[in-house]
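Numbering-wise (our numbering), the sequence shown opens with residue 63 and increments by one. Each residue gets a CB set at the ideal place from its N, CA and C atoms; glycine is no exception. Everything numeric in this text was worked out from a predicted model, so none of it was measured. Okay, structure first, notes after.
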Amino acid sequence: MEHSPRDRTGPYADPDVGDPTPTDPEEWATGRLLFAVARRIEREWNAHLGKWDLNHAGFPVLMHLLAGPRSQRVLAEESGVTEQTMSRVVARLERSGYVTRTDDPADRRRRAVAITAAGRDAGLAAARRRPAEDLATRGLDDAQVVALREALLALLKTLPRSPQDES
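The structure is reproduced here in structure tokens:
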């Protein structure tokens, strides 16, 4: 029996109808499909970033630092994490030679984090649009890519935002 994605009586739309844990993706709720795809893309994206000894936490920090040095507090706010978490992220980037920490001339109690030339090169190489597009759209034709982008942009406009969304 065929069900549309908006059919509230379908087995994948209502857990009280049919098997609430179907193994066939054709029967999954749209949210579950989106989650499964996002996890697979995240794994591939992390492998992509790994070529530069980066991960999902360090990469956006390098992107923020392209605009100039920042305190760990500002980086934490921009990334939507605690200062303690940011301290670990910055320490890893520092070990990789991608950032340096220096005394903040405006406040000696603080340290400023700056991107190095190696960090700039790694961040820009990892951020190249083509590999990222290929990871997210593999197997789709041009029309499907356009439709996917339109649907994702519509969701971004309607779903509530949080500070972590900007990293």
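With DSSP run on the structure shown, which of helix, strand or coil describes residue i?
i: Arg101; result: helix
i: Val143; result: coil
i: Arg170; result: strand
i: Arg132; result: strand
i: Arg163; result: strand
i: Ala216; result: helix
i: Ala189; result: coil
i: Ala119; result: coil
i: Ala209; result: helix
i: Asp179; result: Per the sequence shown, residue 179 should be read as Ala rather than Asp. Helix.
i: Leu137; result: helix
i: Thr71; result: For Thr71, the predicted structure reports a pLDDT of 47, less than 50, and the residue's modelled location is therefore unreliable. The matter cannot be settled from this model.
i: Leu221; result: coil
Please name the residue in the options whose C-alpha comes closest to that of residue i.
i: Ala174; options: Phe121, Asp204, Ala153, Pro84; result: Ala153
i: Arg182; options: His110, Pro131, Leu214; result: Pro131
Any idea which residues DSSP pairs residue i with across the strands?
i: Thr83; result: Answer is none; Thr83 lacks a bridge partner.
Exercise for the section: Kindly confirm or deny that the stretch 212-222 and the stretch 146-164 touch, where touching means at least three C-beta pairs closer than 8 Å. Expected result: Short answer: they don't touch.
Practice task
Determine, using beta-carbon pairs with one atom in the stretch 135-144 and one in the stretch 97-110, whether at least three such pairs fall under 8 Å.
Solution key: No, the stretch 135-144 is not in contact with the stretch 97-110.
Exercise for the section: Taking 8 Å as the threshold, find out whether the stretch 111-131 comes into contact with the stretch 139-151 through three or more Cβ pairs. Expected result: In short, these stretches touch, since the Cβ pair count reaches three.
Practice task
Determine contact between the stretch 182-198 and the stretch 105-119, defined as no fewer than three beta-carbon pairs at a distance below 8 Å.
Solution key: The stretch 182-198, when compared against the stretch 105-119, does touch it at the 8 Å Cβ threshold.
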